[in-house]
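J.:
2 protein chains.
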Amino acid sequence: MPAKVSDSTIRRLSHYLRILEAMARDGGGTVSSVQLAAAAGTTAAQVRKDLSLFGSFGKRGHGYQVAELADRVREILGLGRDWRVALVGAGRIGSALFEYADFRRRGFHIVAVLDVDPAKIGERWGTLAVEDVASLEAALEREGVEVLIVTVPATEAQAIVDRAVASGVRGILNFAPTQLRTEDGVFVHDVNMVMELEALSFDLTNRIPADVGDTAD
Amino acid sequence: MPAKVSDSTIRRLSHYLRILEAMARDGGGTVSSVQLAAAAGTTAAQVRKDLSLFGSFGKRGHGYQVAELADRVREILGLGRDWRVALVGAGRIGSALFEYADFRRRGFHIVAVLDVDPAKIGERWGTLAVEDVASLEAALEREGVEVLIVTVPATEAQAIVDRAVASGVRGILNFAPTQLRTEDGVFVHDVNMVMELEALSFDLTNRIPADVGDTAD
DNA sequence: AGGTGTGAACACTTTCACAGCA
DNA sequence: TGCTGTGAAAGTGTTCACACCT
Chain A
1 MPAKVSDSTI
11 RRLSHYLRIL
21 EAMARDGGGT
31 VSSVQLAAAA
41 GTTAAQVRKD
51 LSLFGSFGKR
61 GHGYQVAELA
71 DRVREILGLG
81 RDWRVALVGA
91 GRIGSALFEY
101 ADFRRRGFHI
111 VAVLDVDPAK
121 IGERWGTLAV
131 EDVASLEAAL
141 EREGVEVLIV
151 TVPATEAQAI
161 VDRAVASGVR
171 GILNFAPTQL
181 RTEDGVFVHD
191 VNMVMELEAL
201 SFDLTNRIPA
211 DVGDTAD
Chain B
218 MPAKVSDSTI
228 RRLSHYLRIL
238 EAMARDGGGT
248 VSSVQLAAAA
258 GTTAAQVRKD
268 LSLFGSFGKR
278 GHGYQVAELA
288 DRVREILGLG
298 RDWRVALVGA
308 GRIGSALFEY
318 ADFRRRGFHI
328 VAVLDVDPAK
338 IGERWGTLAV
348 EDVASLEAAL
358 EREGVEVLIV
368 TVPATEAQAI
378 VDRAVASGVR
388 GILNFAPTQL
398 RTEDGVFVHD
408 VNMVMELEAL
418 SFDLTNRIPA
428 DVGDTAD
């Protein structure tokens, strides 16, 4: 609800939540911003600023109630409900994601799996059958899908996404290494593993610590 | 080599590179910063600023030579060589990554696969055999591994990483949803798919476009 | 004219530092 | 006293606008 919330803040909230849930399992009680920051690898001021964008959840002199704060953060992130998800692309990555327990644990339920490959169509995945991507619209409508996970080749991703958006999907988790174009009000988040490896390659090549011989300017 | 290069710049360079390579396949020639920006979903000024951090690669009035610029960006990112990578965690995600052609195409070669599960140890993966993670150090040294991909459960990730760093690994691509602590000069990049879904959940819950009824402040 | 390279202006994010409540 | 919540300061990243080269 606040006017401006940065992406980094949201990422950190997600991180805080994971930590808070671990703390809750270990007994809970209270945390201070200092403790939470240490666990999340950030600063206490950052933790307080992030939280204060959404309300006053702590008690001065005492810190935050672990269980209660976890509830609040879940609520902020919109995790107080289940999300119906379709998976397009029944390849290796799609299959790994389908089995990924953390998605379900967080309320993201894969309710349809689709592919173009005739060899895959009809395969049983858990309680689902892989469907022909030709009937994407029908599947999305039938299952009331709101979020799409895209693990098809880059060349096919845009067409699939256009059809899904036309069918009412407003959230996309994109694993295809391509820049998706969508209308306003549709949210795309990219997971680009090659990009991360390339960033690592850059770091290893250029960000050598001072003591290894980076004296030249 | 420049003093300060932001992470966002590196991500964009990686993105530019993918676009430039596609353009090179389509015949090459020249690109202007306006064209490259349009393809990458950013601004022309941003493209020029990003590139100018590393040198002057364009010709005023003409733009950039596609093939040459691609070479330069590859060089900047440290992609002018091969990287020897070990994969720890031979589960679903590990297996998907092992098959992921884009890694190899970019020069990231998985030269060892390790797991704790006795049922998996000894399995043949391509030309490799899955090894016992107990002999991690031996495998890393034998293969001259520089980069580790971690797809083990969160609880085991830190111990593995500590051992790998002690064996000389300086780059880590971490799929475990946990905050890894490492010494200076070791670079960790996280791929956190649950976090991306949670960010999507936040967007869908809170960033509703104006016309759908977000008038309240 | 056309399009790069870049200092300067602007916008956004993080950190500081402290008032104020338990 | 202890720790939150938050304006103000500092720091970073992005956009602007134009000099300059071809």
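If you're matching them up, the sequences are chains A and B in order. Just so you know, the working numbering puts 56 at position 56 of the first sequence, and the rest follows in order with no gaps. Numbers given in the working numbering equal positions in the second sequence, counted from 1, plus 217. Even glycine gets a Cβ: it sits at the ideal position worked out from N, Cα and C.
Going along chain A, which residues have a C-beta under 7 angstroms from A257 (chain B)?
T.: For the purposes of this step, residue 257 (chain B) is taken as residue 40 along the second sequence, with counting starting at 1. Residues of chain A passing the Cβ test: Q179.
J.: State the DSSP-derived secondary structure class of E415 (chain B), mapped to helix, strand or coil.
T.: Stepping through the second sequence from its first residue, residue 415 (chain B) is reached at position 198. Helix at E415 (chain B).
J.: Taking the C-alpha atoms as reference points, what is the distance between R48 (chain A) and L13 (chain A)?
T.: For the purposes of this step, residue 48 (chain A) is taken as the residue at position 48 of the first sequence. For the purposes of this step, residue 13 (chain A) is taken as the residue at position 13 of the first sequence. Cα to Cα, R48 (chain A) sits roughly 11 angstroms from L13 (chain A).
J.: Which same chain residues, not among the five before or five after L270 (chain B), have their C-beta less than 8 angstroms away from its C-beta?
T.: For the purposes of this step, residue 270 (chain B) is taken as residue 53 along the second sequence, with counting starting at 1. Same-chain partners within the cutoff: P219, V222 and T226.
J.: From this set, A:G55, A:S56 and A:Q65, which residue's C-alpha is nearest L36 (chain A)'s C-alpha?
T.: Within the first sequence, residue 36 (chain A) is the residue found at index 36, counting from 1. Comparing Cα-Cα distances from L36 (chain A) to each of A:G55, A:S56 and A:Q65, the minimum goes to A:Q65.
J.: Buried or exposed for G258 (chain B), please, with buried defined as at least 16 other CB atoms from any protein chain shown within 10 angstroms of its CB.
T.: For the purposes of this step, residue 258 (chain B) is identified with residue 41 of the second sequence, where counting begins at 1. Classification for G258 (chain B): exposed.
J.: Assess, as a yes-or-no matter, whether the stretch 299 to 310 of chain B is touched by the stretch 319 to 327 of chain B under the definition of 3 or more beta carbon pairs within less than 8 angstroms.
T.: Yes, since at least three Cβ pairs between the stretch 319 to 327 of chain B and the stretch 299 to 310 of chain B fall closer than 8 angstroms, the two stretches touch.
J.: Excluding sequence positions up to five away, which residues of its chain have a Cβ less than 8 angstroms from the Cβ of L128 (chain A)?
T.: Indexing the first sequence from 1 puts residue 128 (chain A) at position 128. Excluding sequence neighbours, L128 (chain A) sits near I110, V111, A112 and V113.
J.: Nearest by alpha-carbon distance to G361 (chain B): which of B:L417, B:V382, B:S250 and B:T422 is it?
T.: Position 144 of the second sequence, counting from 1, holds the residue named residue 361 (chain B). When each option's Cα is compared against that of G361 (chain B), the closest is B:V382.
J.: I want to see whether chain A comes within less than 8 angstroms of G408 (chain B), judged by CB atoms only; does it?
T.: By 1-based counting over the second sequence, the position of residue 408 (chain B) is 191. Before going further, note that residue 408 (chain B) is Val rather than Gly in the sequence given. Answer yes: the Cβ-Cβ gap between V408 (chain B) and chain A drops below 8 angstroms somewhere.
J.: Is it true that the CB of F404 (chain B) sits closer than 8 angstroms to the CB of N367 (chain B)?
T.: Taking the second sequence and counting its residues from 1, one reaches residue 367 (chain B) at position 150. Taking the second sequence and counting its residues from 1, one reaches residue 404 (chain B) at position 187. The amino acid occupying residue 367 (chain B) in the given sequence is Val; Asn does not appear at that position. In this structure, F404 (chain B) does not lie closer than 8 angstroms to V367 (chain B) by Cβ.
J.: Measuring alpha carbon to alpha carbon, tell me which residue in A:G122, A:V152 and A:R163 is nearest A138 (chain A).
T.: As a first step, residue 138 (chain A) is located in the first sequence; it is residue number 138 there, counting from the start. Selected option, being the one with the closest Cα: A:R163.
J.: If we define contact as Cβ-Cβ less than 8 angstroms, is T205 (chain A) a contact residue for chain B?
T.: Residue mapping note: residue 205 (chain A) aligns to position 205 of the first sequence, counting from 1. So yes, T205 (chain A) belongs to the interface.
J.: State the CB to CB distance for the pair D420 (chain B) and G171 (chain A), rounded to an integer number of angstroms; the pair is presumed to be in contact (CB under 8 angstroms).
T.: Within the second sequence, the letter at position 203 stands for residue 420 (chain B). Within the first sequence, the letter at position 171 stands for residue 171 (chain A). Yes, D420 (chain B) and G171 (chain A) are in contact; Cβ-Cβ is about 7 angstroms, under 8 angstroms.
J.: On the DSSP bridge list, what partners appear for K59 (chain A)?
T.: Translated into positions along the first sequence, residue 59 (chain A) becomes position 59. The partner list for K59 (chain A) (beta bridge, DSSP) reads A:G63.
J.: May I ask you to list, following chain order, the residues of the stretch 102 to 135 of chain A that have a beta carbon less than 9 angstroms from some beta carbon of chain B?
T.: D102, F103, R105, R106, G107 and F108
J.: Could you tell me which of B:A376, B:G306 and B:P394 sits nearest to V369 (chain B), measuring between CA atoms?
T.: Within the second sequence, numbered from 1, the residue matching residue 369 (chain B) stands at position 152. Of the candidates B:A376, B:G306 and B:P394, the residue whose Cα lies closest to the Cα of V369 (chain B) is B:G306.
J.: What's the call for I425 (chain B), buried or exposed, on a 16-neighbour Cβ count within 10 Å?
T.: Along the second sequence, read from residue 1 onward, the residue named residue 425 (chain B) stands at position 208. The residue in question, I425 (chain B), is exposed, as its Cβ has fewer than 16 Cβ neighbours within 10 Å.
J.: I want to verify the contact list: residues of chain B whose CB lies under 9 angstroms from the CB of L173 (chain A), in sequence order.
T.: Position 173 of the first sequence, counted from the start, is the residue given in the question as residue 173 (chain A). In chain order: M410, E413, L414 and L417.
J.: Which two residues bound the contiguous alpha helix (DSSP H) that contains D267 (chain B)?
T.: Position 50 of the second sequence, counted from the first residue, corresponds to residue 267 (chain B). D267 (chain B): member of the alpha helix (DSSP H) spanning A261 to S269, first to last residue.
J.: For the putative contact between V194 (chain A) and F320 (chain B), defined by C-beta atoms under 8 angstroms, what is the C-beta separation to the nearest angstrom?
T.: The count along the first sequence starts at 1 and reaches residue 194 (chain A) at position 194. The count along the second sequence starts at 1 and reaches residue 320 (chain B) at position 103. Taking a contact as a CB-CB distance under 8 angstroms, the pair V194 (chain A) and F320 (chain B) counts as one, their CB atoms being some 7 angstroms apart.
J.: Kindly indicate which residue of A:I76, A:L17 and A:S167 has the alpha-carbon position closest to the one of E141 (chain A).
T.: Position 141 of the first sequence holds residue 141 (chain A). Closest option to E141 (chain A), Cα to Cα, is A:S167.
J.: So, at 8 angstroms on beta carbons, what are the nonlocal neighbours of G126 (chain A) in its own chain, with the 5 sequence-adjacent residues on each side left out?
T.: For the purposes of this step, residue 126 (chain A) is taken as residue 126 along the first sequence, with counting starting at 1. Excluding its 5 nearest sequence neighbours in each direction, G126 (chain A) has C-beta neighbours in its own chain below 8 angstroms: F98, listed in chain order.
J.: V251 (chain B) by DSSP, collapsed to three states: which one?
T.: Taking the second sequence and counting its residues from 1, the one referred to as residue 251 (chain B) is at position 34. Helix at V251 (chain B).
J.: On the premise that A96 (chain A) lies in contact with A313 (chain B), defined as a C-beta separation below 8 angstroms, what is that separation, rounded to the nearest angstrom?
T.: By 1-based counting over the second sequence, the position of residue 313 (chain B) is 96. By 1-based counting over the first sequence, the position of residue 96 (chain A) is 96. Sure, about 4 angstroms apart at Cβ, within 8 angstroms.
J.: Verify the CB distance criterion: does V147 (chain A) have a CB-CB separation below 8 angstroms to chain B?
T.: Position 147 of the first sequence holds residue 147 (chain A). Yes - at least one Cβ of chain B is within 8 angstroms of the one on V147 (chain A).
J.: Can you give the Cα-Cα distance for D332 (chain B) and E348 (chain B), rounded to whole angstroms?
T.: By one-based count along the second sequence, residue 332 (chain B) stands at place 115. By one-based count along the second sequence, residue 348 (chain B) stands at place 131. C-alpha separation (whole angstroms): 6 angstroms.
J.: Identify the contact partners of S95 (chain A) in chain B, using a Cβ-Cβ distance below 8 angstroms as the criterion.
T.: Within the first sequence, the letter at position 95 stands for residue 95 (chain A). The answer, in chain order, is R309 and A313.
J.: Count the other CB atoms within 10 Å of the CB of A416 (chain B); is the residue buried (16 or more) or exposed (fewer)?
T.: Taking the second sequence and counting its residues from 1, the one referred to as residue 416 (chain B) is at position 199. Buried, since its Cβ has 16 or more Cβ neighbours within 10 Å.
J.: Residue ranges of each alpha helix (DSSP H) run of no fewer than 4 residues wholly in the stretch 331 to 384 of chain B, ordered along the chain?
T.: Segments of the alpha helix (DSSP H) lying fully in the stretch 331 to 384 of chain B: 353 to 360 and 371 to 383.
J.: How would you list, in chain order, the residues of chain A whose beta-carbon sits under 7 angstroms from the beta-carbon of I227 (chain B)?
T.: Residue mapping note: residue 227 (chain B) aligns to position 10 of the second sequence, counting from 1. Going along chain A in sequence order, the residues near I227 (chain B) (Cβ under 7 angstroms) are A199 and F202.
J.: Identify whether A329 (chain B) lies in helix, strand or coil by the three-state DSSP scheme.
T.: Locating residue 329 (chain B) in the second sequence gives position 112, counting from the first residue. Assignment of A329 (chain B) by DSSP, reduced to helix, strand and coil, places it in the strand class.
J.: With C-beta atoms as the reference, is V133 (chain A) less than 8 angstroms away from V169 (chain A)?
T.: The residue you call residue 133 (chain A) lines up with position 133 of the first sequence. The residue you call residue 169 (chain A) lines up with position 169 of the first sequence. Result no, Cβ atoms of V133 (chain A) and V169 (chain A) do not sit closer than 8 angstroms.
J.: Any Cβ of chain B within less than 8 angstroms of the Cβ of S14 (chain A)?
T.: Taking the first residue of the first sequence as position 1, residue 14 (chain A) is located at position 14. Output row for S14 (chain A): interface = yes.
J.: Among residues of its own chain, excluding the 5 on either side of E21 (chain A), which ones have a beta-carbon nearer than 8 angstroms to its beta-carbon?
T.: Against the first sequence, residue 21 (chain A) aligns to sequence position 21. So the list reads A70, once near-sequence residues are dropped.
J.: Measure the alpha-carbon distance for L17 (chain A) versus R11 (chain A) and round it to whole angstroms.
T.: Position 17 of the first sequence holds residue 17 (chain A). Position 11 of the first sequence holds residue 11 (chain A). Rounded to whole angstroms, L17 (chain A) to R11 (chain A) spans 10 angstroms at the Cα level.
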